[in-house]
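Novice: Dropping the structure in here first, questions after.
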Amino acid sequence: VPHGRVYSVCPRYDDSRLNRTQSYIIDPNYSQQVYQREWKKALDFAQKNTLDIVLINSWNEFNERSQIEPCHDATSIYADPYYLFNVTKTSIYELKGLDQQNNSGSWPEPVKFGLVILLIISTGSILLYAFRRCARQGN
Numbered sequence: 280v281p282h283g284r285v286y287s288v289c290p291r292y293d294d295s296r297l298n299r300t301q302s303y304i305i306d307p308n309y310s311q312q313v314y315q316r317e318w319k320k321a322l323d324f325a326q327k328n329t330l331d332i333v334l335i336n337s338w339n340e341f342n343e344r345s346q347i348e349p350c351h352d353a354t355s356i357y358a359d360p361y362y363l364f365n366v367t368k369t370s371i372y373e374l375k376g377l378d379q380q381n382n383s384g385s386w387p388e389p390v391k392f393g394l395v396i397l398l399i400i401s402t403g404s405i406l407l408y409a410f411r412r413c414a415r416q417g418n
């Protein structure tokens, strides 16, 4: 359920390689399709107008294996290094109500698209926020 009209999606999480005493692992090879299910929930919340912001976590958290940045991942059931990137792109197009086929396969302009990239220097994390225009504002 969105908290304060904000919902977070994450492709997977795996801190087993960080030498911690206890590891936490979600969808280690993407076979559980957690990311796709989370995006489906986000899109459902948006359809019900109970969502303004989708927090996409994370772009390049390779150490926790939760990156959506294109990469070759030997543990993934998907061979395409752009698989998660494309799931993200398609989901954002759907969230924004844009027709991906008529947009030459490229990302819309950031202002039109409502995509903001925030670099948090202290942790090196990049968080992507996909903003859905609030229906109350008539946009």
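Counted from 1, the sequence shown has number 313 at position 34 by our numbering; the numbering is strictly sequential.
Using N, Cα and C, we set each Cβ at its ideal position, and we do this for glycine too.
(1) Quick one: Cα of residue 318 to Cα of residue 336, how far?
(2) Taking a contact to mean a Cβ-Cβ separation below 8 angstroms, would you say residue 347 touches residue 334 in this structure?
(3) Given a threshold of 16 other Cβ atoms within 10 Å of its Cβ, counted over all protein chains shown, does residue 290 qualify as buried or as exposed?
(4) Between which two residues does the beta strand (DSSP E) containing residue 287 stretch?
(5) Nearest CA to the CA of residue 361: which residue from 338, 281, 324 and 316?
(6) Can you check whether the CB of residue 307 is closer than 8 angstroms to the CB of residue 293?
(7) Secondary structure at residue 293, three-state DSSP: helix, strand or coil?
(8) Put residue 363 into one of helix, strand or coil per three-state DSSP.
(9) Expressed to the nearest angstrom, what Euclidean distance is found between the alpha-carbon atoms of residue 356 and residue 340?
(10) Please look up how many angstroms separate the CB atoms of residue 321 and residue 372, rounded, as I've assumed it's under 8 angstroms.
(11) Would you kindly check if the distance between the Cβ of residue 297 and the Cβ of residue 342 is under 8 angstroms?
(12) Tell me whether the beta-carbon of residue 304 lies closer than 8 angstroms to the beta-carbon of residue 295.
Specialist: So, from the listed chains and residues:
(1) Numbered from 1 along the sequence shown, position 39 holds the residue referred to as residue 318. Numbered from 1 along the sequence shown, position 57 holds the residue referred to as residue 336. Their backbone Cα atoms lie some 12 angstroms apart in a straight line.
(2) Locating residue 347 in the sequence shown gives position 68, where the first residue counts as 1. Locating residue 334 in the sequence shown gives position 55, where the first residue counts as 1. Between residue 347 and residue 334, the C-beta gap is not smaller than 8 angstroms, which leaves the two residues out of contact.
(3) One-based indexing of the sequence shown puts residue 290 at position 11. Looking at its Cβ environment, which holds 16 or more other Cβ atoms inside 10 Å, residue 290 is buried.
(4) Here residue 287 corresponds to residue number 8 of the sequence shown, with the count starting at 1. For residue 287, the enclosing beta strand (DSSP E) begins and ends at 285-288.
(5) Taking the first residue of the sequence shown as position 1, residue 361 is located at position 82. Of the listed residues, the one whose Cα sits closest to residue 361 is 338.
(6) Indexing the sequence shown from 1 puts residue 293 at position 14. Indexing the sequence shown from 1 puts residue 307 at position 28. Yes, Cβ-Cβ distance for residue 293 and residue 307 is below 8 angstroms.
(7) As a first step, residue 293 must be located in the sequence shown, where it is residue number 14. In this structure, residue 293 counts as strand in the three-state DSSP scheme.
(8) Locating residue 363 in the sequence shown gives position 84, counting from the first residue. Looking at residue 363 - three-state DSSP - the assignment turns out to be helix.
(9) Here the question's residue 356 lines up with position 77 in the sequence shown. Here the question's residue 340 lines up with position 61 in the sequence shown. Taking the straight line from one Cα to the other gives about 19 angstroms.
(10) Locating residue 321 in the sequence shown gives position 42, where the first residue counts as 1. Locating residue 372 in the sequence shown gives position 93, where the first residue counts as 1. About 13 angstroms separates the two Cβ atoms, so there is no contact after all.
(11) As a position in the sequence shown, residue 342 is number 63, starting the count at 1. As a position in the sequence shown, residue 297 is number 18, starting the count at 1. In this structure, the beta-carbon distance from residue 342 to residue 297 falls below 8 angstroms.
(12) Position 25 of the sequence shown holds residue 304. Position 16 of the sequence shown holds residue 295. Yes, Cβ-Cβ distance for residue 304 and residue 295 is below 8 angstroms.
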